[in-house]
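Converting from the sequence shown to the numbering used here requires adding 5 to each position, the first position being numbered 1.
Encoded as structure tokens, the structure appears first; notes follow it.
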Amino acid sequence: MTDVWSQRAEAFRESPTHREGPDLDLLVEWCEPAPDVKVLDVATGGGHVARRLREAGCTVVTVDPAPGMKADVVAPADHLPFEDGSFDVVTCRIAAHHFPDIAAAVAEMARVSNRLLVIEDNLFRGDEVEEAERLRDPTHVRCYSEDEWKARLTDAGFEVEQVEHFDRRQNFDAWLERVDTAPDAAAQIRALLADRVDDGMLTLESVLLKARRSQK
């Protein structure tokens, strides 16, 4: 699994939908960046969240299970090698649908954050989209609804303060090529997602949530 993601590292570093966008802008804003803010970026991938937060003055530690992503620490989201409350903010952007144990990952992110969790991921949009995601990339586990995310964050001891939805538009062929989708799988995916592709552009929705540690 991690070797597969190491091989994909450069593609995700160069991906326009990962490198920039209004969702990334808002995620950075919701982290309340300042020079004294320490952030952990979980499943950092191409490192775009970390780059932007460092530019905003934060101290950022990156973690990713794939060595090729060149994170500061190599570790999975469900086993973070940090002490309780080590960070002011923990972020995770467009990665959680790959986590084998989402409950454990959220619990770990909550454990090491003393203030904020800022998480974005693709929204659950039905079984056909999930099937297409798995055909494209067997490392896909599941997307979750806004209500499921709110429940997980609340169960982890955080109060959801803000939620925003985004349409993530990207070139459909590039989306397939980024993970070397097999041609036979690509044909099935095109059929499953036909109503989401317009003029060669695929639209998938994401949800961004900002949650603060409960004081109760």
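In this text, a Cβ means the ideal position worked out from N, Cα and C, and glycines have one as well.
Since this is a predicted model, take the numbers as computed values, not measurements.
Where the alpha helix (DSSP H) containing residue i begins and where it ends
i, result
"GLU60", "53 to 60"
"ALA159", "The sequence shown places Thr at residue 159, not Ala. Here the alpha helix (DSSP H) through THR159 covers 151 to 160."
"ALA192", "188 to 197"
"MET114", "107 to 117"
Residue of the options minimising C-alpha distance to residue i
i, options, result
"ALA192", "GLU136, ARG174 and HIS145", "GLU136"
"ASP69", "ASP142, GLU169, TYR149 and PHE104", "PHE104"
"TRP180", "GLN167, THR159, GLU166 and VAL202", "VAL202"
"ALA61", "GLY73, VAL78, ALA80 and PRO40", "PRO40"
"GLU37", "LEU58, GLY52, MET114 and SER150", "LEU58"
"ASP160", "ARG173, ALA216, LEU198 and GLN167", "ALA216"
"HIS102", "ALA199, PRO188, ALA156 and TYR149", "TYR149"
For residue i, the first and last residue of its enclosing beta strand (DSSP E)
i, result
"PHE177", "Run containing PHE177: none in the beta strand (DSSP E); it sits in the alpha helix (DSSP H), 177 to 182."
"ASP132", "Segment 132 to 141 is the alpha helix (DSSP H) holding ASP132; no beta strand (DSSP E) there."
"GLU210", "206 to 218"
"HIS33", "The sequence shown places Val at residue 33, rather than the His named in the question. Looking at the DSSP string, VAL33 is not in any beta strand (DSSP E); the run it does join, the alpha helix (DSSP H), is 27 to 35."
"PHE87", "Unbroken run through PHE87: none, as it is neither H nor E."
"LEU45", "43 to 47"
"ASP69", "64 to 69"
Test item: CB-CB of residue i and residue j under 9 Å
i, j, result
"THR67", "ALA76", "yes"
"THR144", "ILE124", "no"
"GLU169", "ASP28", "yes"
"ASN119", "PHE87", "no"
"ALA112", "ASP83", "yes"
"LEU213", "LEU45", "no"
"GLY50", "ALA100", "yes"
"PHE177", "GLY205", "yes"
"ARG116", "LEU158", "no"
"ILE194", "VAL146", "no"
"PRO230", "ALA110", "No answer is possible for residue 230: it lies beyond the span of the chain, which begins at 6 and ends at 221."
"VAL165", "ARG98", "no"
Whole-number beta carbon distance between residue j and residue i, since they are thought to touch under 8 Å
i, j, result
"LEU122", "GLU210", "Contact flag wrong, Cβ pair sits at about 20 Å."
"VAL94", "VAL42", "6 Å"
"GLN175", "LEU207", "6 Å"
"LEU142", "VAL184", "The residue asked about is misnamed: residue 142 is Asp in this sequence, not Leu. Indeed they touch by this definition, with Cβ atoms about 5 Å apart."
"TRP35", "GLN220", "Not really, about 19 Å apart at Cβ, beyond 8 Å."
"GLU151", "LEU197", "GLU151 to LEU197, Cβ: 23 Å. No contact."
Near the ligand MN: residue i beta-carbon under 8 Å from a heavy atom
i, result
"ASN127", "For the ligand MN, the structure offers nothing, since it holds no ligand at all."
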